[in-house]
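Undergrad: Heads up, the sequence shown is in UniProt numbering, so the first residue is 5 and it goes up one at a time.
We treat Cβ as the ideally placed atom computed from N, Cα and C, and that holds for glycine.
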Amino acid sequence: SDKKSQSSSDNPKIRTPIVCVLGHVDHGKTSLLDRIRGSSVVSGEAGAITQHIGATVVPIETILAMGGVNKNLKFNIPGLLFIDTPGHHSFTTLRARGGALADLAIVVVDITDGFKPQTIEALQILRGCKTPFVMAATKVDRISGWRSFPSETFLSSFAKQNQRVIDLVEKKTYEIVGSLAEHGFSSERFDRVDDFARTLAIVPVSAHTGEGIADLLMVLIGLAQRYMEESLTLAVDGPGSGTVLEVKEEKGLGATIDVILFDGTISVGDEIAVASSTGVITTKVRSLLQPRPLKEILIEDRFSRAKSVAAAAGVKVSAPGLDQVIAGSPVKVIDGNENEVRESIEREMTEINVTLSPE
Ligand code: GDP
5 SDKKSQSSSD NPKIRTPIVC VLGHVDHGKT SLLDRIRGSS VVSGEAGAIT QHIGATVVPI
65 ETILAMGGVN KNLKFNIPGL LFIDTPGHHS FTTLRARGGA LADLAIVVVD ITDGFKPQTI
125 EALQILRGCK TPFVMAATKV DRISGWRSFP SETFLSSFAK QNQRVIDLVE KKTYEIVGSL
185 AEHGFSSERF DRVDDFARTL AIVPVSAHTG EGIADLLMVL IGLAQRYMEE SLTLAVDGPG
245 SGTVLEVKEE KGLGATIDVI LFDGTISVGD EIAVASSTGV ITTKVRSLLQ PRPLKEILIE
305 DRFSRAKSVA AAAGVKVSAP GLDQVIAGSP VKVIDGNENE VRESIEREMT EINVTLSPE
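#1: List the residues that DSSP assigns as beta-bridge partners of PHE86.
#2: Specify the secondary structure class of THR247 as computed by DSSP and reduced to three states.
#3: Give me the Cα-Cα distance between VAL46 and ALA69, rounded to the nearest whole angstrom.
#4: Where do the ends of the beta strand (DSSP E) carrying ILE261 lie?
#5: Starting from ARG193 and walking both ways along the beta strand (DSSP E), at which residues does that stretch end?
#6: Going by C-alpha to C-alpha distance, which of ASP88, SER281, GLY103, SER291 sits closest to PRO324?
#7: State yes or no: is the C-beta of THR354 nearer than 6 angstroms to some heavy atom of the ligand GDP?
#8: Looking at LEU326: is its Cβ nearer than 7 angstroms to the Cβ of ALA279?
#9: Leaving out five residues before and five after GLU125 in sequence, what residues of the same chain have Cβ atoms less than 7 angstroms from its Cβ?
#10: Just to check, is the beta-carbon of ASP199 closer than 6 angstroms to a non-hydrogen atom of the ligand GDP?
#11: Is the beta carbon of ALA331 closer than 7 angstroms to that of PHE266?
#12: What residue does the alpha helix (DSSP H) around ASP171 start on, and which one ends it?
#13: Just the C-alpha distance for ARG99 and ILE64, rounded to the nearest angstrom, thanks.
#14: Are GLY71 and THR157 closer than 7 angstroms when you measure CB to CB?
#15: Mind checking which residues open and close the alpha helix (DSSP H) that includes ARG151?
#16: Mind checking whether ASN115 and LYS143 have CB atoms under 7 angstroms apart?
#17: Just curious, the beta strand (DSSP E) that SER291 is in, first and last residue?
#18: Quick check: does the Cβ of GLY102 come within less than 6 angstroms of any heavy atom belonging to the ligand GDP?
#19: Kindly indicate which three-state DSSP category LEU224 falls into: helix, strand or coil?
#20: Considering just the uninterrupted stretch of the beta strand (DSSP E) at SER161, what are its terminal residues?
#21: With the cut-off set at 7 angstroms, would you say ILE264 and LEU249 are in Cβ contact?
#22: With a threshold of 8 angstroms on Cβ separation, who are the neighbours of THR247 within its own chain once the five nearest residues in sequence on each side are excluded?
#23: Would you kindly work out how many angstroms separate the C-alpha atoms of ARG230 and LEU204, rounded to a whole number?
#24: Check whether the Cβ atoms of GLY318 and GLY58 lie closer than 7 angstroms to each other.
#25: Output the distance between the C-alpha atoms of ALA228 and PHE119, rounded to the nearest integer angstrom.
#26: What's the call for ALA211, buried or exposed, on a 16-neighbour Cβ count within 10 Å?
#27: Tell me the residue span of the alpha helix (DSSP H) that contains PHE119.
#28: Would GLY214 be called buried (16 or more neighbouring beta carbons within 10 Å of its own) or exposed?
#29: Going by alpha carbons, who is nearest to residue 366 out of GLU275, ARG306, PHE137?
#30: Counting along the chain, where does the alpha helix (DSSP H) carrying SER322 start and finish?
#31: Could you check what DSSP says for PHE137 in three-state terms: helix, strand or coil?
#32: Since PHE307 is in the beta strand (DSSP E), which residue starts that stretch and which ends it?
#33: Could you tell me if the beta carbon of VAL207 falls within a distance shorter than 6 angstroms of some heavy atom in the ligand GDP?
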């Protein structure tokens, strides 16, 4: 439709890539996500991040304004959607059509601590799912002697360190390169990577000082541009498809489902199908809810209502009869053949039962 393609005449409409954060416990997944979520609140720029249900969207304008180096000149990606819950469990249980829901991932590794069992597990999971990812070498501020330059790019901050610190960062980075090689990955510090299809990028970052965050986001945008364009194109229009994050009882609404929409559009009044403990059920969307912006926090209702939501997005769906819905289930807008939709959900649920459960 004309309305939907107005923003870019020659660029196709591309949906927001979905990003998940993995890595060993205590290596800084939560802190990194918190920092990314807070990044544009600090800058106060136009195009601030938006809080979704279960996810956070950082628009491309915000990422570009942070000043990371880019080797990639065209940007038709609207931004990045980060799943708020980090970890392997979240990555493996959130599925989309039998594959991973996340299009991209960040594997966090503490630069002072190096590889740990869950770091290796994360790599194996991502390799299995063929998910492109970047390594965030976190806690760079803990390198002995590091001088912090809050929110600066890694390269800018790195250039101002003394030689001893520079050598230490290089040594620690090459230890990570070595560990990755042991597991079959060719890697380099991000600024030395020429071909992101062949070489895994390592970005030293600090969640505490914000150093390197701009570079990390820019590498993700580069990966998305490079690998995802085809699969992300045209995924904004058409009937919505999503994955149920959680089933939640809400005061005045009854049972609701928190959904990550990865494809198409969902609207109030749409007929949807979703798996429940009694089998696939169909129901009609009563309302679509999103968190209120912080500045409106005094309004009593926690949620704002939308008529329609397009992928990728996190949204709370209110509809009759959702109380027995199973978390992890696909949720689909029925557009035409109801039986086909029901069967595809049954098929996907069977797949999940067979192939999931990494624990
Ligand atoms: P998670 O278990 O992977 O989610 O790790 P957390 O984000 O909870 O971090 C574990 C600990 O490391 C906490 O005490 C954090 O404050 C600390 N931490 C995380 N990131 C950084 C960082 O960039 N620099 C420093 N100095 N500490 C960090």
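TA: With the given structure in hand:
#1: For PHE86, which the question treats as bridged, DSSP gives the partners VAL23, THR60.
#2: Three-state DSSP puts THR247 in a strand.
#3: Low confidence applies here, because VAL46 scores a pLDDT of 44, under 50, leaving its location unreliable; read the following figure in that light. Each residue's Cα considered, the two are about 12 angstroms apart.
#4: Looking at the DSSP string, the run of the beta strand (DSSP E) that includes ILE261 is 258-267.
#5: That run of the beta strand (DSSP E) goes 191-193.
#6: PRO324 has its Cα closest to that of SER291, out of ASP88, SER281, GLY103, SER291.
#7: No; taking the cut-off as 6 angstroms, the Cβ of THR354 has no heavy atom of the ligand GDP nearer than that.
#8: In this structure, ALA279 does not lie closer than 7 angstroms to LEU326 by Cβ.
#9: Cβ neighbours of GLU125 beyond the five flanking positions: HIS92.
#10: Not one heavy atom of the ligand GDP falls within 6 angstroms of the beta-carbon of ASP199.
#11: With a cutoff of 7 angstroms on beta-carbon distance, PHE266 and ALA331 are scored as not near each other.
#12: 167-186 is the span of the alpha helix (DSSP H), which, as asked, contains ASP171.
#13: ARG99 and ILE64 have their C-alpha atoms some 25 angstroms from each other.
#14: Yes, these two residues count as a Cβ contact at 7 angstroms.
#15: Per DSSP, ARG151 belongs to no alpha helix (DSSP H) and is neither H nor E.
#16: Looking at the sequence shown, residue 115 is not Asn but Ile. With contacts defined by Cβ atoms closer than 7 angstroms, ILE115 and LYS143 form a contacting pair.
#17: Per DSSP, SER291 belongs to the beta strand (DSSP E) from 291-295.
#18: GLY102: no, Cβ never under 6 angstroms from the ligand GDP.
#19: Three-state result, LEU224: helix.
#20: That residue, SER161, is in no beta strand (DSSP E); its alpha helix (DSSP H) goes 158-163.
#21: Taking C-beta atoms as the reference points, ILE264 and LEU249 count as a pair closer than 7 angstroms.
#22: Closer than 8 angstroms at the Cβ level, and outside the excluded window around THR247, lie LEU98, ARG99, ALA100, LEU105, VAL263, ILE264, PHE266, GLY332, SER333, PRO334, VAL335.
#23: Cα to Cα, ARG230 sits roughly 13 angstroms from LEU204.
#24: Against a cut-off of 7 angstroms, the Cβ pair of GLY58 and GLY318 comes out as a contact.
#25: Going by the C-alpha atoms only, they are around 26 angstroms apart.
#26: Burial call: buried.
#27: PHE119 -> no alpha helix (DSSP H), and no H or E assigned at all.
#28: With at least 16 other beta carbons inside 10 angstroms of its own, GLY214 counts as buried.
#29: For the chain, the structure presents residues 5 to 363; residue 366 sits outside this window and is missing.
#30: Run containing SER322: none in the alpha helix (DSSP H); it sits in the beta strand (DSSP E), 317-322.
#31: Strand, per DSSP.
#32: Per DSSP, PHE307 is one residue of the beta strand (DSSP E) stretching across 307-310.
#33: No, the beta carbon of VAL207 sits no closer than 6 angstroms to any heavy atom of the ligand GDP.
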